[in-house]
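The structure appears below as structure tokens.
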Amino acid sequence: NSVEGNICIVDELKNIFEFAIGSAYPDLEDPPIVITLSGNNPKFGDYQCNSAMPISQLLKAKNVKTNPREVANNILNKTPSSPFIERIEVAGAGFLNIYINKTVAEHVLNCILRFGVKPPPMKKERVIVDFSSPNIAKEMHVGHLRSTIIGDSISRILEYLGHDVLRLNHLGDWGTQFGMLIAHLQDKFPDFKTHSPPISDLQAFYKESKKRFDEDEEFKKRAYACVVQLQAHHPDYISAWKLICEVSRQEFQKIYDRLNINLIARGESFYQDRMDAVVKQLKDGGYLEEDEGRLIMWGDPVKKDGIPLTVVKSDGGYTYDTSDMAAIKQRVEEEKGNRFIYVVDAGQSTHFVTIDACARRAGILKNSQKIEFVGFGVVLGEDKKKFKTRSGDTIKLSELLEEGLKRSLDKLVEKGRDKVLTPEELKLAQEAVAYGCIKYADLSHNRVNDYVFSFDKMLDDKGNTAVYLLYALTRIRSIARTAQISLDQLLEEVDKTGFKFGHEAEWKLGKVLLRFPEIILKVSNDLYLHSLCEYLYEISSAFTEFYDKCYCVEKDKEGKIVNIIFSRLMLCEATARVMEKSLDILGIKTVSKM
Ligand code: ARG
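Heads up, the final residue of the sequence shown is numbered 683 in UniProt numbering, and it's a clean run with no missing numbers.
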């Protein structure tokens with residue numbers, strides 16, 4: 090795999106030290122393999138193996154007389170030579186300081202220049218990502234925006250790694266709320282089948298029908314009757330239902346288009362027939378219990394803790410729980426998924442724990458198959474309270490995106506960019522900043538926490554923000570332009586001489602770039618995207634330090650170019666590529682000028 094340069098150094102080191110420690114201490118069961126970065130001081134090497142201390146403790150517990158330094162020396166003696174390691178030193182109380190072989194690092198960077206930023210190779214899986222999932226006729230709120238942004242980025246990283254990803258929008262498109270919507274539609278637009286009604290504001294339509302439902306007994310009765318007709322698949326009711334769903338879907342699609350999000354609409358209604366089948370399976374298996382007319386299922390039938398699923402309501406209808414049981418069965422059996430990811434607000438964590446437990450009980454999920462619940466906190470306003478408009482209404486997503494666009498333009502104008510960029514460039518920059526800053530603000534926070542939505546903070550050009558990173562990237566991209574070196578010329582030099590490390594600051598930056606595969610593998614496992622954001626920030630800090638200390642182009646007093654250091658331009662190009670790939674995984678568009 091080292092041919093393409095996409096090696097995960099820390100994994101290689103783990104393998105090497107696992108082998109060394111295993112040979113030095115064959116009697117220890119599962120000895121700790123601790124590999125960390127060495128921090129800023131070059132005299133501690135690039136990485137450290139800190140296994141000697143805990144191993145020495147383990148040996149002492151077995152009455153073996155030893156000390157960490159002796160253990161470290163024993164490990165060192167058993168460490169096989171490796172192309173990745175230049176040398177290892179035992180230091181201090183028993184640290185093993187590892188110096189990475191610069192030739193290997195140069196090879197990796199040359200590969201990035203020749204072939205692009207290739208993902209580490211791995212076994213391909215079929216992954217189902219359930220995300221976004223707003224409810225028809227209700228508003229798509231900021232919680233759904235978080236799910237959309239996080240889910241898209243998770244899909245992107247898995248697609249980058251070569252997995253077969255199914256992006257599913259589990260729309261709330263079935264349920265009793267359709268009774269009142271259809272009844273209201275019949276009254277307001279009796280000829281809806283021949284003349285498509287102008288319902289542009291479906292939320293207002295929803296509110297109107299809800300009001301009637303709550304206040305008018307007669308209407309309520311009709312609404313219930315409509316549910317019965319719909320569930321019996323009466324064609325008139327199905328076409329009314331379809332119409333309402335379609336209006337809603339078009340609204341959602343506008344948001345997805347703006348944010349460049351791809352996903353397949355497969356709502357709760359898709360599982361209609363499959364719900365009959367899963368209910369039968371659960372009944373036949375004896376998993377359902379009667380409870381005040383309902384049929385429920387416990388995750389653990391003995392302990393009976395938490396909340397059971399309501400699989401069948403007392404009126405015979407199905408619920409959200411039923412559709413999720415049908416959905417997991419479909420994803421296992423028909424989609425042949427290996428990973429089942431659900432990106433939903435943290436408030437639903439218990440629901441998914443129970444779905445997982447019940448699906449396991451019923452034999453739908455087997456052995457290592459599990460539901461991966463990717464929960465996230467709520468979006469707060471700057472007053473740390475639930476995010477609302479000034480007048481106290483819930484925020485409309487389309488208005489939020491509009492405001493982002495406006496604010497981002499203000500910011501660019503404030504910096505005088507409207508005088509430098511062409512109108513097309515300005516528009517591209519405006520959109521990249523607006524949508525980029527909203528996505529990045531969400532992704533750069535640990536998702537399990539609540540986060541405060543603040544345009545002022547996300548549009549700051551200092552600190553870990555999209556604006557800062559997008560600027561950093563355009564600055565890096567402008568270096569080769571100033572030197573008047575085209576990419577082709579640079580790549581010719583790569584073929585001739587290749588990249589070579591010089592100054593210490595080059596090595597520091599290079600080492601950060603080398604960690605890309607490690608970060609990608611970590612994030613694709615734990616699905617915490619803020620690690621990738623922190624990594625991006627680390628790259629741009631290392632780049633700033635490098636650029637302060639090392640010139641790439643030397644000019645004389647008249648500003649004429651007298652010397653170009655190609656190897657450093659190569660480092661700039663590699664840095665830009667790793668940053669662009671990382672931003673792409675976060676779903677953030679980059680621009681060449683801004
Ligand atoms: N529509 C639901 C909501 O807005 C989210 C659905 C999440 N996905 C699922 N398979 N239950 O709360």
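Don't be surprised by glycine CBs; every beta carbon is placed ideally from N, CA and C.
Uninterrupted beta strand (DSSP E) stretches inside the stretch 441-476 (no shorter than 3 residues): 460-465
If N139 and V153 are in contact, beta carbons under 8 Å, what's the gap, nearest whole angstrom? No, N139 and V153 are not in contact; Cβ-Cβ is about 19 Å, not under 8 Å.
Hey, which unbroken runs of the beta strand (DSSP E) at 3 residues or more fall wholly within the stretch 142-221? 174-180, 184-189, 215-219
Examine ligand 1 and report whether any of its heavy atoms sits within less than 8 Å of the Cβ of L291. no
DSSP has T399 in a bridge; who is on the other side? I385
So, helix, strand or coil for N258, using DSSP? strand
Unbroken stretches of the beta strand (DSSP E), 3 residues or longer, contained in the UniProt domain "DALR anticodon binding" (558-683): 642-644, 650-653
Three-state class that DSSP yields for S91 in the structure shown: Residue confidence for S91 is low, a pLDDT of 49 falling below 50, so the modelled location carries little weight; the figure read from the coordinates is stated next. Three-state result, S91: coil.
Buried or exposed for V317, please, with buried defined as at least 16 other CB atoms from any protein chain shown within 10 angstroms of its CB. exposed
Skipping 5 residues on each side, what residues in its chain have a beta carbon closer than 6 Å to that of F359? none
Buried or exposed (CB count within 10 angstroms, at least 16 for buried), E520: A buried status is given to E520, since no fewer than 16 other beta-carbon atoms sit within 10 Å of its beta-carbon.
Measuring only from the beta carbon, is Y407 closer than 8 Å to any heavy atom that is part of ligand 1? no
If A663 and I98 are in contact, beta carbons under 8 Å, what's the gap, nearest whole angstrom? With 8 Å as the limit, A663 and I98 do not qualify as a contact, their Cβ atoms being about 15 Å apart.
Enclosing alpha helix (DSSP H) for S437 [first to last residue]: Here residue 437 turns out to be Gln, not Ser, going by the sequence shown. It is not in any alpha helix (DSSP H) - Q437 carries neither H nor E in the DSSP assignment.
For E335 and V367, I'd like the C-alpha separation in whole angstroms. 28 Å
Per DSSP, what are the beta-bridge partners of I138 in this structure? Inspection of the sequence shows that residue 138 is occupied by Cys rather than by Ile. DSSP, once it has assigned bridges, lists I124, L185 as partnering C138.
Taking 9 Å as the cut-off, decide whether the C-beta atoms of L672 and I246 are in contact. No. Outside cutoff.
Going by the C-beta, is L660 closer than 8 Å to any heavy atom of ligand 1? no
Please check the pair G464 and S438, which I expect to be a contact at CB under 8 Å, by giving their CB distance rounded to whole angstroms. Indeed they touch by this definition, with Cβ atoms about 5 Å apart.
Expressed to the nearest angstrom, what Euclidean distance is found between the alpha-carbon atoms of A182 and R158? Here the C-alpha atom of A182 lies approximately 6 Å from the C-alpha atom of R158.
Tell me whether S222 counts as near ligand 1, meaning its Cβ is closer than 8 Å to at least one heavy atom of that ligand. yes
Within its chain, find whatever has a CB closer than 8 Å to the CB of Q361; leave out the 5 residues flanking it on each side and keep chain order. W263
Determine the DSSP secondary structure at N553, reduced to helix, strand or coil. coil
Assuming I344 and L486 form a contact by the criterion Cβ under 8 Å, report the distance between their Cβ atoms to the nearest whole angstrom. 5 Å
Those runs of the alpha helix (DSSP H) which lie wholly inside the stretch 300-356 and span at least 4 residues: 306-320, 324-348
Spatial neighbours of T554 within its chain, please: C-beta separation below 7 Å, excluding the five flanking residues on both sides. C526, Y529, M547
Distance between G452 and H230 (C-alpha atoms, nearest Å): 35 Å
Helix, strand or coil for E423, going by three-state DSSP, please let me know. coil
Confirm the yes/no value for this check: CB of V433, any heavy atom of ligand 1, distance under 8 Å. yes
C-beta atoms of S328 and A312 nearer than 9 Å: no
N224 - partner residues in DSSP beta bridges: G261
Proximity test, Q419 beta-carbon vs ligand 1 heavy atom, cut-off 8 Å: no
What is the rounded straight-line gap between the Cα of T443 and the Cα of T411? 12 Å
Would you say the beta carbon of Q437 comes nearer than 8 Å to a heavy atom of ligand 1? yes
Please report the distance separating the alpha-carbon of S91 from that of V197. Legend: pLDDT at S91 = 49, less than 50; position of this residue unreliable, value from coordinates given subsequently. About 8 Å.
Does ligand 1 have a heavy atom nearer than 8 Å to the CB of H233? yes
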